[in-house]
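The next block holds one structure in the form of structure tokens; read it before the comments.
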Amino acid sequence: MTLQDDALALPLPPAPSIYHPTPRLAELRANRPVAEVTFPDGSTGWLVTRYADVRQVLIDPRFSRAAAAGSAASDTGIALVATDSILGMDPPEHTRLRRLVAGAFTARRVEELRPKVTALVDTLLTDVAARPRPVDLVEHFSLPLPVRVICELLGVPPEDQHVFHAWSDTIMSDAGGDPAEIRAAMGNLAVYFGKLIADKRATPADDLMTALIAARGNQDRLTEQELVNLCFGLLIAGHETTANQINMFLLTLLHFPEEYARLAGSPELVPQAVEELMRFVQLGEGAGLPRVTTEAVDLSGVTIPAGAVVLTSMAAANRDESVFADADRLDLSREITQHLGFGAGAHHCLGAQLARMELQEALRGLLRHLPDLRIAVPDAELRFKTGMIVRSLQSLPVTW
95 MTLQDDALAL
105 PLPPAPSIYH
115 PTPRLAELRA
125 NRPVAEVTFP
135 DGSTGWLVTR
145 YADVRQVLID
155 PRFSRAAAAG
165 SAASDTGIAL
175 VATDSILGMD
185 PPEHTRLRRL
195 VAGAFTARRV
205 EELRPKVTAL
215 VDTLLTDVAA
225 RPRPVDLVEH
235 FSLPLPVRVI
245 CELLGVPPED
255 QHVFHAWSDT
265 IMSDAGGDPA
275 EIRAAMGNLA
285 VYFGKLIADK
295 RATPADDLMT
305 ALIAARGNQD
315 RLTEQELVNL
325 CFGLLIAGHE
335 TTANQINMFL
345 LTLLHFPEEY
355 ARLAGSPELV
365 PQAVEELMRF
375 VQLGEGAGLP
385 RVTTEAVDLS
395 GVTIPAGAVV
405 LTSMAAANRD
415 ESVFADADRL
425 DLSREITQHL
435 GFGAGAHHCL
445 GAQLARMELQ
455 EALRGLLRHL
465 PDLRIAVPDA
475 ELRFKTGMIV
485 RSLQSLPVTW
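Sequence positions in the sequence shown follow the numbering used here and run 95 to 494.
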């Protein structure tokens, strides 16, 4: 049976390696870059895998995020969050919110945080180095670092930070997650953030939450529900994704020891190493948030009809040989700016600069404190959480 004859059912078969996408994506990218797919409920849509086509879907307003609400591809926890947030909006509503938020979420604010993040990295890794080996890096570094950073940025009190991770794990579940549990976790977060917003209104502080409350433009301001929904997205994206990236960055670097040695010998490469790792690392095998066509659109010679659900594979696009030479090779000296790790277009990740800064400081800290770090178990014994839309480690035992 040829690829053309094979009915393409989602989800695709899992990749045999955590370091590379499933080979099926490369086959699709080469032979069937715009492929009709079947979702678990029997409905159909389209999967796009070539870089140019994926980027077009991300930036072209004919591919609507708002119209995707309620589609078969929108039954993950993060998609449910997106439905009522900036992630699920189209212009002009999206443009309005993005403009209001961007004034508070500035590069200056992120850079002002860098010394605090560096100090936190040093504190956490000093504690790691003093513990009996092996040490679980998830528990003692890769998770607490972004949790504390995003909570400080939002003004969440330290004593409340521990309550978020279970809720966030539930919301980040894949299509197999229990919708009732997902909505319950969302409800718990909404109640918490509603109270925190009220506290910040009464007692303003020097944090992002207070800045978002005060954000206004042309007599406009964020509504209470918009504030809550925005905090949802910032909290979940601001710690879950970054924690998983730290883990997978480290696993990938240690899997390619010549690249790890290059970085250790030339730490000035850290910023571009983060960009190459964003391109290369397989954070998840699923597709991005769905979009729906508002009119018929041609991609790579295929006409996608109006009203069709369209998914993009960033993993496939970021390994496209027509854009990235020798794309399946990790090369930390690669000068790269056009990867799609943070998306593109109107929905380009709002916290991209914060994530970049945290990832840079995490790598610098690991090289500084634990240059001889190694994973204490073989890959086959690594344990990943089940039912998650991103590759999320339960633990990462390390030694040195």
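All residues carry an ideal CB built from backbone N, CA and C; glycine is no exception.
For Pro186, DSSP assigns no beta-bridge partner whatsoever. Taking a 10 Å sphere around the C-beta of Thr336, we find 16 or more other C-beta atoms and assign the residue as buried. Between Gly378 and Thr387, the CB-CB gap reaches or exceeds 8 Å. Relative to the Cα of Ser111, the nearest Cα in the group Glu246, Pro226, Ser407 and Leu476 belongs to Leu476. Across the set Asn341, Val391 and Ser137, the C-alpha of Asn341 shows the shortest separation from the C-alpha of Leu231. In this structure, Ser407 lies near Ala381, with their beta-carbon atoms less than 8 Å apart. Distance from the CA atom of Ala146 to the CA atom of Val391, rounded to whole angstroms, is 14 Å.
Beta-bridge partners assigned by DSSP to Thr387: Phe157. Take Glu275, set aside five residues on each side of it, and the residues of its chain with a beta-carbon closer than 6 Å to its own are Thr264, in chain order. The residue from Ile398, Ser486, Leu328 and Leu218 with its alpha-carbon nearest to that of Leu460 is Leu218. Cβ-Cβ distances below 8 Å link Ala299 to Gly249 in the same chain, with the five nearest sequence neighbours on each side left out; the list follows chain order. For Gln319 and His441, the gap between their C-alpha atoms comes out near 20 Å. Between Arg462 and Asn338, the beta carbon gap of about 22 Å keeps them out of contact (Cβ cut-off 8 Å).
Per the DSSP secondary-structure output, Asp414 pairs with nothing in a beta bridge. A check of alpha carbon separations from Glu389 across Phe157, Arg149 and His114 identifies Phe157 as the nearest. Of all alpha-carbon atoms in Asp473, Leu457, Asp314 and Leu405, the one lying nearest the alpha-carbon of Arg149 is that of Leu405. Within the same chain, Cβ atoms closer than 6 Å to the Cβ of Val471 are found at Pro491, the five residues on either side in sequence being excluded.
For Asn125, the closest C-alpha among the options Ala474, Phe478, Pro155 and Asp414 is that of Asp414.
Annotation for Val241: the continuous alpha helix (DSSP H) segment containing it runs Pro238 to Leu248.
Our two residues, Arg450 and Arg356, have alpha carbons roughly 20 Å apart in a direct line. Between Pro127 and Val151, the gap from beta carbon to beta carbon reaches 8 Å or more. Your pair Thr132 and Leu104 checks out as a contact, with CB atoms roughly 7 Å apart and the cut at 8 Å. Out of Leu453, Phe326 and Glu362, the CA that lies nearest to the CA of Ala279 is found in Phe326. Between Arg208 and the set Gly281, Ala438, Ala162 and Ile244, the nearest pair of CA atoms involves Ile244.
Judged by DSSP secondary structure, Ala367 falls within the alpha helix (DSSP H) whose first and last residues are Val364 to Phe374. The three-state secondary structure of Ala129, taken from DSSP, is strand.
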